[in-house]
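>
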Amino acid sequence: MGKGIAIFVYGIVVLFLGVLRGDAVSVVQLVDRKVKAGEEFEVVVTVRKGDLESFARYEVDLPRGLTAVRGASANSAYSFDGQRVRFVWLRLPGEEKVEVRYAVRVDERMMGRFKLGGSFDYISSNSRQRAEVNVETITVEPSPQVSPSKRLDIEEYQRSVPAQRPLDMRELSVRCIRETPRILAPGPDRVVRLLVNRGEVESFAKIEERVPSGYGVESMEKRGAQFSFERGVVSFMWSQLPPDKSFVVSYRLVPNDGQEHGVPKIEGSFSFILDGVTRVIAVSERDAQMENMSVKELEQLVSSTPLRVPSGAVQRGEAVRGGTRGAEGAGGGGEEIPVRYAPIVAEKRRGGARPVSMDAYLLAPEEGVYYRVQLAAGHRPIDIERYFRKRSLRADVRTERHEGWYKYSVGSFREYKEARDYRTQVWSTTPIRDAFVAAYNNGRRITVQEALMITSQKWYK
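Quick note on numbering: our numbering labels position 342 of the sequence shown as 347, and the sequence is numbered without any gaps.
1) Quick test of the definition: if touching needs 3 or more C-beta pairs under 8 Å, does the region 258 to 269 touch the region 148 to 160?
2) May I ask you to report which of helix, strand or coil DSSP gives residue 458?
3) Assign residue 268 to one of three DSSP states: helix, strand, or coil.
4) So within the region 234 to 269, which uninterrupted beta strand (DSSP E) runs reach at least 3 residues, ignoring any that extend past its ends?
5) Taking the C-alpha atoms as reference points, what is the distance between residue 248 and residue 229?
6) Can you tell me whether residue 202 is helix, strand or coil according to DSSP?
7) So, residue 253 versus residue 226, is the Cβ gap smaller than 8 Å?
8) I'd like the span of the beta strand (DSSP E) that includes residue 410, first residue to last.
9) Mapping DSSP to helix, strand and coil, what is residue 464?
10) I need the DSSP call for residue 305, collapsed to helix, strand or coil.
11) So what does residue 103 bridge to, in DSSP terms?
12) What residues are listed by DSSP as bridge partners for residue 210?
13) Determine the extent of the alpha helix (DSSP H) in which residue 393 is found, giving its start and end residues.
14) Going by beta-carbon coordinates alone, are residue 103 and residue 54 separated by less than 8 Å?
15) Using a C-beta cutoff of 8 Å, does residue 213 count as contacting chain C?
16) Tell me which residues share the same chain as residue 193 and place their Cβ nearer than 8 Å to its Cβ, disregarding the 5 neighbours each side in the sequence.
17) Residues in the same chain with beta-carbon distance under 6 Å from residue 272, minus the five sequence neighbours each way, listed in chain order, please.
18) Under 8 Å by Cβ, that's how I've got residue 95 and residue 125 pegged, so tell me the actual separation to the nearest angstrom.
19) Taking the continuous alpha helix (DSSP H) assigned at residue 426, which residues delimit it?
20) By Cβ distance, which residues of its chain are closer than 7 Å to residue 268, with the 5 residues on each side in sequence left out?
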């Protein structure tokens, strides 16, 4: 009894001393208890900080299915990345009270309940302290515009495979198209022209082209880019892109031996930044004479060129035809994993309906090394939702064109083990027995073994 009273008194004394020092901190959030799927809601956080004026940070992790769309607080730097909302103050404002506001958009498929919390970290007496915000339980009312069969319980959604980030419509308009290299009279030099359709991208962009050995390169049209040629790679780099929505840059290919060797095979990529995240698309090659094309013809060229992501070498373990064998790739000489793979066959659609557009299901490149689980592949596009729903898989399946195949995969795992575990789950809960782990680096397929080496991760059987 006496011990309990002593602890209580001690707690009161500590609290009282904290108030005297001016570092008693309270954090309270106000948010609607009911929100609607497909709409935005606002969160207002009030931090009573006393006389603190040092470094501080407010963070909250949002459940998947929620996206922070904007945020503001005096003197702070706002960011949203990896489902984490973050406000950072190098120095807090002088006022006793600081207000934090951020807006969240709810995926239109969501329904159910989730908890929303947050934490405020600050420095007091040369030590790091933390104040937790009050946790609120919020109900998501389903959108009437989404059929019940497509609605997802937000709590169950957290336990499912992480979804591929939605493909930004602004990304769909970005293209980089290479004109088939043409002879510059009298030869044997060739000119390589590259048409950039930048969409809404304005700054920090780069074209990289790997040319075959045996060629020198000279810049021609740079359009304000910093040009370089090193180790067989041509590079155009912009800190600020030209104001034109579409523009052309070019370079000259010079055979070292002075002889004509036919049309060279060139691989290229165009990387750019949207919302603080690096995106990468492949350079597409078209047999078009850009120099003689009108603005309208160039627009038609862009609209008729599909969006592509960079493709790497054939991945070990990438099952490309029925009866082949392979392995997902094992760090440290792991064992080969047999893959008995049958390419999917597109199902016939009733009434001769036109096939579903694949644009909404395109796999968007992500930054860094990550893993996905490939489910199937075929030479023709399919109705993705219908096909995988019939196979008891409810997941965010995306497609990519790779070496002549439409490949269908799911997930975005930073750890190989997480991808391996989900692959095993697919094996045990669906009739898809040939799913395997695929690895990517900045949107380009690489071997799992290479990914494990880059990330220093362990291979699991």
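All residues carry an ideal CB built from backbone N, CA and C; glycine is no exception.
Quick look at the numbers:
1) Using a Cβ-Cβ distance cut-off of 8 Å, the region 258 to 269 and the region 148 to 160 are not in contact, since fewer than three pairs of beta carbons, one from each stretch, lie closer than that value.
2) Here residue 458 refers to the residue found at position 453 when the sequence shown is read from its first residue. Three-state result, residue 458: helix.
3) Taking the first residue of the sequence shown as 1, we reach residue 268 at position 263. In the three-state DSSP reduction, residue 268 falls in the coil class, being neither helix nor strand.
4) If we require 3 residues or more, the beta strand (DSSP E) runs fully inside the region 234 to 269 come out as 238 to 245, 251 to 260.
5) Residue numbering aside, residue 248 sits at position 243 when the sequence shown is read from its first letter. Residue numbering aside, residue 229 sits at position 224 when the sequence shown is read from its first letter. Each residue's Cα considered, the two are about 11 Å apart.
6) As a first step, residue 202 must be located in the sequence shown, where it is residue number 197. Residue 202 carries a strand assignment under DSSP once its states are collapsed to helix, strand and coil.
7) Mapped onto the sequence shown, residue 253 falls at position 248. Mapped onto the sequence shown, residue 226 falls at position 221. Yes.
8) Translated into the one-based positions of the sequence shown, residue 410 becomes position 405. Counting along the chain, the beta strand (DSSP E) containing residue 410 begins and ends at 410 to 418.
9) On the sequence shown, residue 464 is found 459 positions in, with the first residue counted as 1. Coil.
10) Mapped onto the sequence shown, residue 305 falls at position 300. Note: residue 305 maps to helix in three-state DSSP.
11) Taking the sequence shown and counting its residues from 1, one reaches residue 103 at position 98. Within the DSSP secondary-structure output, residue 103 pairs in a beta bridge with 52.
12) Locating residue 210 in the sequence shown gives position 205, counting from the first residue. Bridge partners of residue 210: 243, 277.
13) Indexing the sequence shown from 1 puts residue 393 at position 388. Its alpha helix (DSSP H) spans residues 389 to 394.
14) By 1-based counting over the sequence shown, the position of residue 103 is 98. By 1-based counting over the sequence shown, the position of residue 54 is 49. Result yes, Cβ atoms of residue 103 and residue 54 sit closer than 8 Å.
15) Note that chain C does not occur in the displayed structure, where there is just one protein chain.
16) In the sequence shown, counting from the first residue as 1, residue 193 sits at position 188. Within the same chain, 260, 263, 264, 265, 266 come within 8 Å of residue 193 by CB-CB distance, once the 5 residues on both sides are set aside.
17) In the sequence shown, counting from the first residue as 1, residue 272 sits at position 267. Closer than 6 Å at the Cβ level, and outside the excluded window around residue 272, lie 215.
18) To locate residue 95, count along the sequence shown from 1; it is residue 90. To locate residue 125, count along the sequence shown from 1; it is residue 120. The Cβ separation is near 15 Å, so there is no contact.
19) As a working mapping, residue 426 is identified with position 421 in the sequence shown. Element bounds for residue 426: 421 to 434.
20) Taking the first residue of the sequence shown as position 1, residue 268 is located at position 263. Excluding positions up to five away in sequence, the list reads 185, 186.
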